[in-house]
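Trainee: Quick one: the structure is below, questions incoming.
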Amino acid sequence: MKGTAMTSEEFREGHYKDKYGRWQPDRRSGGDRRLLRKDGELAHERRRMYRRKADREIFEKDHRAMINDALEEFAGEHGGHL
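If you want it as structure tokens, here you go:
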């Protein structure tokens, strides 16, 4: 069996095939523990909101710097007048 590709024809609930093709019990088969929390979905939304906020702050900071550079370049080309 060495060197043969595993097929996905067979599936055993609570098990996985290791690299040698042997079925091993899946220690993670108990399900996602995060879903047991009453605020599981809300926590995910909160993380997404903060991530978006941080991304937006970085985006705005980068664009502010680009705008300032462009204004300085424009002012330099036009004798300091906007």
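Going by the working numbering, the sequence shown opens with residue 2, and the numbers climb by one from there.
C-beta atoms are modelled at their ideal positions from N, C-alpha and C, and glycine is treated no differently.
#1: Report the three-state DSSP secondary structure of Y1 (helix, strand or coil).
#2: Could you compute how far the alpha carbon of E58 sits from the alpha carbon of E46?
#3: From the DSSP output, which residues share a beta bridge with H16?
#4: Just to confirm my understanding: we take Q25, look at its own chain, exclude 5 residues before and 5 after, and list those with CB closer than 7 Å. What are they?
#5: Whole angstroms are fine: how far does the CA of H79 sit from the CA of A66?
Mentor: The answer reads as follows:
#1: Beyond the ends of the chain as shown, which are 2 and 83, falls residue 1; an answer cannot be given.
#2: Locating residue 58 in the sequence shown gives position 57, counting from the first residue. Locating residue 46 in the sequence shown gives position 45, counting from the first residue. Distance from the CA atom of E58 to the CA atom of E46, rounded to whole angstroms, is 18 Å.
#3: Translated into the one-based positions of the sequence shown, residue 16 becomes position 15. Beta-bridge pairing by DSSP links H16 to P26.
#4: Along the sequence shown, one-based indexing puts residue 25 at 24. Its chain contains H16, Y17 and D19 as the residues whose beta carbon lies nearer than 7 Å to that of Q25, once the 5 sequence neighbours on both sides are disregarded; these appear in chain order.
#5: Within the sequence shown, residue 66 is the residue found at index 65, counting from 1. Within the sequence shown, residue 79 is the residue found at index 78, counting from 1. Spanning the two alpha carbons is a distance of roughly 20 Å.
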